[in-house]
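Participant:
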Amino acid sequence: MNILYQVPLSPFCRKVRLSLAEKKIEVQLVEERYWERDADFLRRNPAGKVPVLKMGGEIFTESSAICEHLEERFPEPRLLPQDPQARYEVRRLVCWFDDKFHHEVTANLLYERVNRKLHGLGYPVSANVKAGAKAIKFHLDYMNWLLDNRRWLAGDEMSLADFAAAAQLSALDYICDVDWNRSAAVKDWYATMKSRPAFRSILADNVPGFPPPHHYANLDF
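In this note's numbering, the protein residues as written are 49 to 269.
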């Protein structure tokens, strides 16, 4: 049995979960409290980060490396285009959401409001929350611009870029930190993403102490 060591609200774990589900690869989810620095977990990944995928007796780490490995090993359905230029654009946007969006938005909103409590680090730092609330407006506007010019974020076909973005936004949506009224295009795109079978396990997540909002699993929200 394939095993994914993960944290439910981690957008990087969600990106891998979406890729696995889209490719219909069965996996057992094991919640890993990575911040406790368990010796067994550190043997699996000395970097002490999730996700960690155990597949075929091998260990795979780093979310983007895992997703690209899955793409090479299980090419259908395709999440990376065959055209080199189109493939570059997908990778560029994956980096955008994994790095820039995550650093400016997710780390300042989700991590301040949820992770600090889970890790016993006290109350959110209000300056960070304000910075995240400001930054997400820019990112939603950028996504709106992309979707005004394309069918999907990176082009005419759904790709890993859409999963990277949806992974970040779904984690934030769990704590009601996305203004879906800011862009009808982004809201419609996200509703389409949520309607995919690959999203079912994501929408079933329930973090103790942080119940999901009533609209979370609603496809119309």
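Positions of the beta carbon are idealized from the N, C-alpha and C atoms, including for glycine. Model, not experiment: these values are computed from the prediction.
From methionine 206 to valine 234, what distance separates their C-alpha atoms?
Facilitator: Cα to Cα, methionine 206 sits roughly 14 Å from valine 234.
Participant: Specify, as a first and last residue, the run of the alpha helix (DSSP H) that valine 55 falls within.
Facilitator: Looking at the DSSP string, valine 55 is not in any alpha helix (DSSP H), and its letter there is neither H nor E.
Participant: Evaluate contact between the segment 148-164 and the segment 202-220, counting only Cβ atoms and requiring at least three cross-stretch pairs below 8 Å.
Facilitator: Yes: at least three Cβ pairs fall under 8 Å.
Participant: Indicate the three-state DSSP secondary structure (helix, strand or coil) for leucine 77 in the structure shown.
Facilitator: Here leucine 77 sits in strand by DSSP.
Participant: Between which two residues does the alpha helix (DSSP H) carrying lysine 182 extend?
Facilitator: Per DSSP, lysine 182 belongs to the alpha helix (DSSP H) from 174-197.
Participant: Whole alpha helix (DSSP H) runs in the segment 110-151 with 4 or more residues, listed along the chain?
Facilitator: Those alpha helix (DSSP H) runs which fall completely within the segment 110-151 and span 4+ residues are 111-121, 132-143.
Participant: Note the first and the last residue of the continuous alpha helix (DSSP H) segment covering methionine 103.
Facilitator: First-last for methionine 103: 100-103, but that is the beta strand (DSSP E), not the alpha helix (DSSP H).
Participant: To the nearest angstrom, how far is the alpha carbon of asparagine 192 from that of arginine 244?
Facilitator: So the two alpha carbons sit approximately 21 Å from each other.
Participant: Terminal residues of the continuous alpha helix (DSSP H) containing isoleucine 250?
Facilitator: Run containing isoleucine 250: 248-251, per the alpha helix (DSSP H) assignment.
Participant: Ignore the nearest five residues each way along the sequence and tell me which others in isoleucine 51's own chain have a CB closer than 6 Å to its CB.
Facilitator: So the qualifying residues of the chain are Gln76, Val78, Lys102.
Participant: When we look at the beta-carbon of alanine 219 and count the other beta-carbons within 10 Å, is it buried (16 or more) or exposed?
Facilitator: Buried.
Participant: Please classify valine 226: does DSSP put it in a helix, a strand, or coil?
Facilitator: Coil, per DSSP.
Participant: Tell me the DSSP bridge mates of phenylalanine 108?
Facilitator: Bridge partners of phenylalanine 108: Leu101.
Participant: Determine the DSSP secondary structure at phenylalanine 258, reduced to helix, strand or coil.
Facilitator: Note: phenylalanine 258 maps to strand in three-state DSSP.
Participant: In angstroms, rounded to a whole number, what distance separates the CA positions of asparagine 163 and proline 259?
Facilitator: Roughly 14 Å separates the two Cα atoms.
Participant: Among Phe145, Arg65, Arg91, Arg135, which one has its Cα closest to the Cα of cysteine 115?
Facilitator: Here the closest residue by C-alpha is Arg65.
Participant: CA-CA distance, isoleucine 184 and valine 226?
Facilitator: Isoleucine 184 and valine 226: Cα-Cα distance of roughly 8 Å.
Participant: Just to confirm before moving on: does the CB-CB distance between glycine 180 and leucine 157 stay below 8 Å?
Facilitator: Contact flag set, yes.
Participant: Return the CA-CA distance between arginine 126 and tyrosine 190, expressed in angstroms with no decimal places.
Facilitator: Arginine 126 and tyrosine 190: Cα-Cα distance of roughly 25 Å.
Participant: Are the beta-carbon atoms of isoleucine 73 and phenylalanine 122 separated by less than 8 Å?
Facilitator: Yes, they are a contact pair.
Participant: If we count Cβ pairs, one from each stretch, closer than 8 Å, do we get three or more for the segment 55-63 versus the segment 88-100?
Facilitator: Yes: at least three Cβ pairs fall under 8 Å.
Participant: Identify which residue in Ala87, Glu106, Leu90, Asp86 has its Cα closest to the Cα of methionine 49.
Facilitator: It is Glu106.
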